[in-house]
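Worksheet: the structure to be examined is printed underneath.
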Amino acid sequence: DFLSALVNCTRLQMLDVGYNRLGGELPIYVANLSNEMEYIYFGGNLITGSIPHNIGNLINLQSLGLENNMLTGRIPTSLGKISGLVQLYLNSNRMSGEIPADIGNITRLEKLILFNNSFQGSIPPSLGNCRFLLDLRMGSNRLSGSIPQELMQIESLVYLYVSKNLLTGPFPKDVGRLKNLVVLSAANNMFHGNIPETLGNCLQAEEIFLGRNKFDGAIPDIRSLRALQSFDLSNNNLSGNIPDYLANFSSLENLDLSGNDFEGRVPTKGIFQTLVKFSVSGNGKL
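Using UniProt numbering, you'd call the opening residue of the sequence shown number 1 and step up by one each time.
This is how it looks when you write it as structure tokens:
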């Protein structure tokens, strides 16, 4: 077949067959195509089966894209051997099992995209070794347990998506170390306790989604987050007043505080006159 014909292409560095109608399983010899292979892209096909267990043989690989297929099975632990891998896209498949701790050996990783699968178990603390990680997307899986503190040490993180999982526990107080964070999406989980005050240190934040959890207490002092465009705290157990300082958030367009236990008056000045989306429904004391 097509792939077997490439076995003799020993100097092949890039293979892109994305968005065709390729079906069947990835053969074992994919991992032996070329020692010089740097880029493989099979995204947007009809590929089934599991990722070959020996995929780690491609030690010079920098980008692996297998998203939007019908892959099943687990993430091979041998991926941890590809220490120079920069991008890994496995999203929108049917994969399962735990995320292997070996991923933490890929210390140059910048993008780890795993959303929309059936991964379960805990988020491996070893991901904290990936100190260049910019984009971590693990939403829409079955991940459980708490967010490991080690993730909060990845100060390069720009995008952190963990929504629609089964995550629990208090949200890590060290979130304030993520100085470059632009998007935090942790909605639709079972986080509880107070929203950390340190969230106010994420000065680059533009979008924060914490809705549909079990957070309680007051909205923390986040008056420094002046870049905020979307802020969703809906369907929690939050209480207290809606902070007046939100009226000064000139970039804010979407504010959803519905389904909580806020009280007092609803601010009406500043951006509260110009919000594109604003909801406080389901707060009986307002």
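Yeah, the Cβ is synthetic: ideal placement off N, Cα and C, and Gly gets one too.
(message) Can you find the residues in the same chain that come closer than 6 Å, C-beta to C-beta, to L178, ignoring five residues on each side of it along the sequence?
(response) So the list reads L157 and C202, once near-sequence residues are dropped.
(request) Have a look at R226 and N194 and give me their C-alpha separation to the nearest angstrom. (result) Using only the alpha carbons, I get a separation of about 21 Å.
(request) Ignore the nearest five residues each way along the sequence and tell me which others in S281's own chain have a CB closer than 8 Å to its CB. (result) S258 and G259
(message) What does the Cβ neighbour count give for C9, buried or exposed, with the cut at 16 atoms within 10 Å?
(response) exposed
(request) Enumerate in chain order the residues of its own chain whose CB-to-CB distance from F191 is below 8 Å, with the five nearest sequence positions on each side excluded. (result) L167, T168, G169, P170, F171, L210, N213, K214 and F215
(message) Quick check on the burial criterion: 16 or more other C-beta atoms within 10 angstroms. Buried or exposed for S4?
(response) exposed
(message) Considering only their Cβ atoms, is the gap separating I113 from L88 smaller than 8 Å?
(response) yes
(request) Could you tell me whether the Cβ atoms of I51 and L71 are closer together than 8 Å? (result) yes
(request) Note down, in chain order, each residue of its chain lying with its Cβ closer than 8 Å to the Cβ of F262, except the 5 sequence neighbours on either side. (result) L238, S239, G240, N241, I242, V280, N283, K285 and L286
(message) With H, G and I counted as helix, E and B as strand and the rest as coil, what does DSSP make of T274?
(response) coil
(message) I'd like the ranges of any alpha helix (DSSP H) spanning at least 4 consecutive residues and lying wholly in the segment 209-276.
(response) none
(message) Buried or exposed for L246, going by 16 or more other Cβ atoms inside 10 Å?
(response) buried
(request) Please determine, among L90, S250 and G104, the residue with the shortest C-alpha to C-alpha distance to N125. (result) Checking the sequence, you will find Pro at residue 125 rather than Asn. Among L90, S250 and G104, the Cα nearest to that of P125 is on G104.
(message) Extract the residue ranges of the beta strand (DSSP E) inside the segment 18-81, only unbroken runs of 3 or more that lie entirely within it.
(response) 23-25, 39-41, 46-48 and 63-65, all fully within the segment 18-81.
(request) Take the Cβ of F231 as the centre, count every other Cβ of all protein chains shown within 10 Å, and call the residue buried at 16 or more, exposed below. (result) Buried, since its Cβ has 16 or more Cβ neighbours within 10 Å.
(request) Inspect the beta-carbon positions of R108 and G84 and report whether they are closer than 8 Å. (result) With contacts defined as CB atoms closer than 8 Å, R108 and G84 qualify as a contacting pair.
(message) Please report the distance separating the alpha-carbon of K164 from that of S96.
(response) 15 Å
(message) Could you check whether V162 and S185 sit closer than 8 Å to each other, using their CB atoms as the reference points?
(response) A Cβ-Cβ contact shorter than 8 Å links S185 with V162.
(request) Report the rounded CA-to-CA distance for D102 versus L66, giving the unit in angstroms. (result) Pairing D102 with L66, the inter-Cα distance amounts to about 19 Å.
(message) Is the beta carbon of L64 closer than 8 Å to that of I47?
(response) no
(request) May I have the straight-line CA-CA distance separating S140 from F115, to the nearest angstrom? (result) 6 Å
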